[in-house]
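Asks:
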Amino acid sequence: MANAVVVLDNGAHTAKVGLANQDEPQVVPNCIMKAKSERRRAFVGNQIDECRDTSSLFYILAFQRGYLLNWDTQKTVWDYIFSKEGIGCTLDDRNIVITEPQMNFQSVQEAMLEMLFEEYRVGGMYKTTAADLAAFNYVADSEERTTMQTLNCIIIDVGYSFTHIVPFVLGRRVLEGIRRIDMGGKALTNHLKELISYRQLNVMDESHVVNQIKEDVCFVAEDFKEAMRVHQSEEKRREVALDYVLPDFTTVKRGYVRVPGQPREDEDQQQSVPLCNERFTVPELLFNPSDIGVQQVGIPEAVADCLKACPWEAHRELLLNILIVGGSAQFPGFLPRLKRDLRALVPCDLEVSLICPEDPVRYAWYGGKEVATSPNFDEFVYTREDYEEYGAHGLSQR
Amino acid sequence: MTGRESNRIKDAEKKRVLDVAARQRRARKALEALEQDNFHDDPHADLVMSKKLPKFQDGPNGKEKKTKRKGAEYFRAKYRKNFQQLLEEDKQRPNYESASAPPPQKPLRHFCAVCGNFSLYSCTACGTRYCRVRCLKTHQDTRCLKWTA
Numbered sequence: 001m002a003n004a005v006v007v008l009d010n011g012a013h014t015a016k017v018g019l020a021n022q023d024e025p026q027v028v029p030n031c032i033m034k035a036k037s038e039r040r041r042a043f044v045g046n047q048i049d050e051c052r053d054t055s056s057l058f059y060i061l062a063f064q065r066g067y068l069l070n071w072d073t074q075k076t077v078w079d080y081i082f083s084k085e086g087i088g089c090t091l092d093d094r095n096i097v098i099t100e101p102q103m104n105f106q107s108v109q110e111a112m113l114e115m116l117f118e119e120y121r122v123g124g125m126y127k128t129t130a131a132d133l134a135a136f137n138y139v140a141d142s143e144e145r146t147t148m149q150t151l152n153c154i155i156i157d158v159g160y161s162f163t164h165i166v167p168f169v170l171g172r173r174v175l176e177g178i179r180r181i182d183m184g185g186k187a188l189t190n191h192l193k194e195l196i197s198y199r200q201l202n203v204m205d206e207s208h209v210v211n212q213i214k215e216d217v218c219f220v221a222e223d224f225k226e227a228m229r230v231h232q233s234e235e236k237r238r239e240v241a242l243d244y245v246l247p248d249f250t251t252v253k254r255g256y257v258r259v260p261g262q263p264r265e266d267e268d269q270q271q272s273v274p275l276c277n278e279r280f281t282v283p284e285l286l287f288n289p290s291d292i293g294v295q296q297v298g299i300p301e302a303v304a305d306c307l308k309a310c311p312w313e314a315h316r317e318l319l320l321n322i323l324i325v326g327g328s329a330q331f332p333g334f335l336p337r338l339k340r341d342l343r344a345l346v347p348c349d350l351e352v353s354l355i356c357p358e359d360p361v362r363y364a365w366y367g368g369k370e371v372a373t374s375p376n377f378d379e380f381v382y383t384r385e386d387y388e389e390y391g392a393h394g395l396s397q398r
Numbered sequence: 001m002t003g004r005e006s007n008r009i010k011d012a013e014k015k016r017v018l019d020v021a022a023r024q025r026r027a028r029k030a031l032e033a034l035e036q037d038n039f040h041d042d043p044h045a046d047l048v049m050s051k052k053l054p055k056f057q058d059g060p061n062g063k064e065k066k067t068k069r070k071g072a073e074y075f076r077a078k079y080r081k082n083f084q085q086l087l088e089e090d091k092q093r094p095n096y097e098s099a100s101a102p103p104p105q106k107p108l109r110h111f112c113a114v115c116g117n118f119s120l121y122s123c124t125a126c127g128t129r130y131c132r133v134r135c136l137k138t139h140q141d142t143r144c145l146k147w148t149a
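Protein chains in written order, with full-length UniProt numbering: chain A, 1 to 398; chain B, 1 to 149.
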């Protein structure tokens, strides 16, 4: 085949995109950004790397509450991605593997189809979800002779807008078992922003910087009550508390954790924020959204609840194959905590085994690469002929 | 009565207490804030684009493209439903609503709004949680009833 397939894992925060014959995808911010310092232009996708002062960065996102609703924004970003600046080729007459959120709305699916066929003139498309691609990659990665047809697993996708628990039985998604928790990277960043702004100094405009703080210092406490002893015990407090030096975009380009006793140059003149319990109470929301009043159970209980909707014969294997993907899965301590909580919730004769890939962000993309290079890929594709014959309604599944 | 009345009761009457509805409204607002993309306004909102300057998007053959393709405007006009409308439309099951994780069974944990410690007490005026007198004082000085909506 002359034209390599494009694989696009179109996330709400970052799009993971590349040709199926490449080894690595590019991770492109799926948004348009405006900086206070640069008044002549807006930054699309990775152009933000050219921006020297990213203070008060203003985001224009294509996704709202996890669904693709702002099509003009998405088109701008896609135009950028499928240009010389992006992956270096257009979509004309190429096949594309593209992801959509779980339980995507009918009209959003139609819009995507129309956009790809009419605007970008793709040759054919395979529309799927990130969880499906992750499952496919999981099968491809496993050494045992599991095939997609015999796969029983649970994919936990901790995304930017929300978290999904997706069970697969015999290689198919159990739609009734899918659970959504309205807690993801965005809510965590906004919550941390709120905490720092109230307790230390006002950073309400600094989503970009606070997101970096979150990535740099936050962790999941394995035993939350134990971690909360920071309020009583001086010793525990010393363990957790740290100073985060904020970037000023002249000498400090990116914030960092201050190392006591080894000050960097001019460090005492930089602004910093002390952080303590914020480091673990923020990711804790993934496990207990009710802590800030979201009336939903956390990930461990949601997994247990999702099991109820699956046939009991599959439970043993489902619990043995729990795969965690998505950006927010990268908090240190996430895996042991989830295992511990889950262990307490499911029958004790069933073993619980969790797998978090080395790169949970790109994992689904690698799955897309596997799909696109598999011998029977052509069977999945909704081709241009199909589109011209049946239109946007021809491809309407969840 | 001969002017003998309790000062404590007099003070308590002056104090404004938020009712349940107002407290819920506050809680909802706090949750909505977690969904916000930006807290501040568009920094380029006051810029006036000069029409004379060529825009970088239009290449030399910009016009030709426009006739062939429909452009972002078309899509915005055709697919402009917001999230709420999409939700109401979605009747097929299982759907967005049925996939939502169930409400928690465990008793809620409460945290001090000021320092983040576990909290045993709540502010009598607005119901915000606090853990000790010092935090209550901070709360009353800063947030309590300040943004009563």
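Idealized CB from N, CA, C, for every residue including glycine.
Assess, as a yes-or-no matter, whether the segment 135–153 of chain A is touched by the segment 21–33 of chain B under the definition of 3 or more beta carbon pairs within less than 8 Å.
Replies: Counting Cβ pairs under 8 Å, fewer than three are found: no touch.
Asks: Do you know how far the Cα of Tyr120/A is from the Cα of Gly127/B?
Replies: Rounded to whole angstroms, Gly127/B to Tyr120/A spans 54 Å at the Cα level.
Asks: At which residues does the beta strand (DSSP E) containing Lys91/B begin and terminate?
Replies: Where Lys91/B is concerned, there is no enclosing beta strand (DSSP E), given that its DSSP letter is neither H nor E.
Asks: Return the Cβ separation of Leu136/B and Cys115/B in integer angstroms, given the expectation that the two are a contact with Cβ distance under 8 Å.
Replies: Contact flag wrong, Cβ pair sits at about 11 Å.
Asks: What residue range does the beta strand (DSSP E) around His13/A cover?
Replies: From DSSP, His13/A is part of no beta strand (DSSP E); its letter is neither H nor E.
Asks: With a threshold of 8 Å, are at least 3 pairs of Cβ atoms found where one atom belongs to the segment 247–260 of chain A and the other to the segment 191–204 of chain A?
Replies: Verdict: no, contact absent.
Asks: Along chain A, which residues have their Cβ under 7 Å away from the Cβ of Tyr79/B?
Replies: Those are Trp71, Ser107, Ala111, listed as they occur along chain A.
Asks: So is Tyr390/A buried or exposed if we call it buried at 16+ other beta carbons inside 10 Å?
Replies: So Tyr390/A ends up on the exposed side.
Asks: For a quick check, are the C-beta atoms of Ala221/A and Phe280/A less than 8 Å apart?
Replies: It is a contact, given that the beta carbons lie within the stated cut-off.
Asks: Would Met125/A count as contacting chain D if we go by Cβ distances under 8 Å?
Replies: Looking at the structure shown, chain D is missing, and the protein chains on hand are A and B.
Asks: Please list, in chain order, the chain B residues whose beta carbon lies closer than 7 Å to that of His231/A.
Replies: Correct list: Asn117.
Asks: Can you name the start and end residues of the alpha helix (DSSP H) that Ala29/A belongs to?
Replies: Residue identity differs from the one stated: residue 29/A is Pro in this sequence, not Ala. That residue, Pro29/A, is in no alpha helix (DSSP H); its beta strand (DSSP E) goes 26–29.
Asks: Please confirm if Ser328/A has its CB atom under 8 Å from at least one CB of chain B.
Replies: So no, Ser328/A is outside the interface.
Asks: With distances taken Cα to Cα, identify the nearest neighbour of Asn3/A among Asp243/A, Leu188/A, Gly124/A.
Replies: Answer by Cα proximity: Gly124/A.
Asks: Since His191/A is in the alpha helix (DSSP H), which residue starts that stretch and which ends it?
Replies: Segment 185–199, the alpha helix (DSSP H) holding His191/A.
Asks: Residues of the segment 193–210 of chain A in Cβ contact with chain B at a cutoff of 8 Å, in chain order, please.
Replies: Listed by position, the residues of the segment 193–210 of chain A near chain B (Cβ gap below 8 Å) are Lys193, Glu194, Leu195, Tyr198, Arg199, Met204, Asp205, Ser207.
Asks: For Asn288/A, tell me which candidate among Gln105/B, Arg134/B, Ala125/B, Ala45/B has the shortest Cα-Cα distance.
Replies: Comparing Cα-Cα distances from Asn288/A to each of Gln105/B, Arg134/B, Ala125/B, Ala45/B, the minimum goes to Gln105/B.
Asks: Give the residues from the UniProt domain "HIT-type" (112–144) of chain B that approach chain A closer than 7 Å (Cβ to any Cβ), ordered along the chain.
Replies: Within the UniProt domain "HIT-type" (112–144) of chain B, the qualifying residues are Gly116, Asn117, Phe118.
Asks: Measure the CB-CB distance between Asn30/A and Val77/A and report whether it falls below 8 Å.
Replies: Closer than 8 Å, so yes.
Asks: Rounded to the nearest angstrom, what separates Val217/A and Asp341/A at their Cα positions?
Replies: Spanning the two alpha carbons is a distance of roughly 23 Å.
Asks: So, is Gln102/A buried or exposed, given that buried needs 16 or more other C-beta atoms within 10 angstroms?
Replies: When all chains shown are included, Gln102/A counts as buried.
Asks: Since Ile156/A and Ile299/A are thought to touch, with beta carbons under 8 Å apart, how far apart are those beta carbons, to the nearest angstrom?
Replies: Yes, Ile156/A and Ile299/A are in contact; Cβ-Cβ is about 6 Å, under 8 Å.
Asks: Considering only DSSP beta bridges, list what Phe63/A is partnered with.
Replies: Answer is Leu68/A.
Asks: Assuming Ile181/A contacts Phe162/A (C-beta within less than 8 Å), just tell me the rounded distance between them.
Replies: Confirmed, Cβ separation roughly 6 Å.
Asks: Identify whether residue 405/A lies in helix, strand or coil by the three-state DSSP scheme.
Replies: Because chain A in this structure spans residues 1 to 398, residue 405/A falls outside the shown range and cannot be described.
Asks: Quick one: is Val19/B near chain A, going by C-beta distance under 8 Å?
Replies: Going by the sequence as given, residue 19/B is Asp instead of Val. Cβ-Cβ to chain A under 8 Å: no for Asp19/B.
Asks: If the cut is a Cβ gap below 7 Å, which residues of chain A does Ser100/B touch?
Replies: The contacting residues are Arg180, Gln296.
Asks: Check Lys106/B in the structure and name its three-state DSSP category.
Replies: Here Lys106/B sits in coil by DSSP.
Asks: Grab the span of the beta strand (DSSP E) containing Tyr126/A for me, first residue to last.
Replies: From DSSP, the beta strand (DSSP E) with Tyr126/A extends over 124–129.
Asks: Give the list of continuous alpha helix (DSSP H) stretches no shorter than 4 residues that lie fully inside the segment 244–288 of chain A.
Replies: Entirely contained in the segment 244–288 of chain A, the alpha helix (DSSP H) runs reaching 4 residues are, in chain order, 278–281.
Asks: Are the CB atoms of Asp72/A and Gly368/A within a distance shorter than 8 Å?
Replies: For Gly368/A and Asp72/A, no; Cβs fall outside 8 Å.
Asks: Using the Cβ count rule (16 or more neighbours within 10 Å means buried), how would you classify Glu189/A?
Replies: Strictly speaking, residue 189/A in this sequence is Thr, with Glu absent from that position. Under this definition Thr189/A is a buried residue.
Asks: Determine the chain B residues that contact Tyr67/A at a beta-carbon separation under 8 Å, and present them in chain order.
Replies: Those are Phe83, Leu86, listed as they occur along chain B.
Asks: Taking C-beta to C-beta, are Arg362/A and Lys127/A nearer than 8 Å?
Replies: No.
Asks: Closest Cβ-Cβ distance between Lys339/A and chain B: below 8 Å?
Replies: Judged by the 8 Å Cβ criterion, Lys339/A is not in contact with chain B.
Asks: Please compile the residues from chain B whose C-beta is within a distance smaller than 9 Å of the C-beta of Gly173/A.
Replies: As written in the sequence, residue 173/A is Arg, which differs from the Gly given in the question. In chain order: nothing, as chain B lies at least about 10 Å away.
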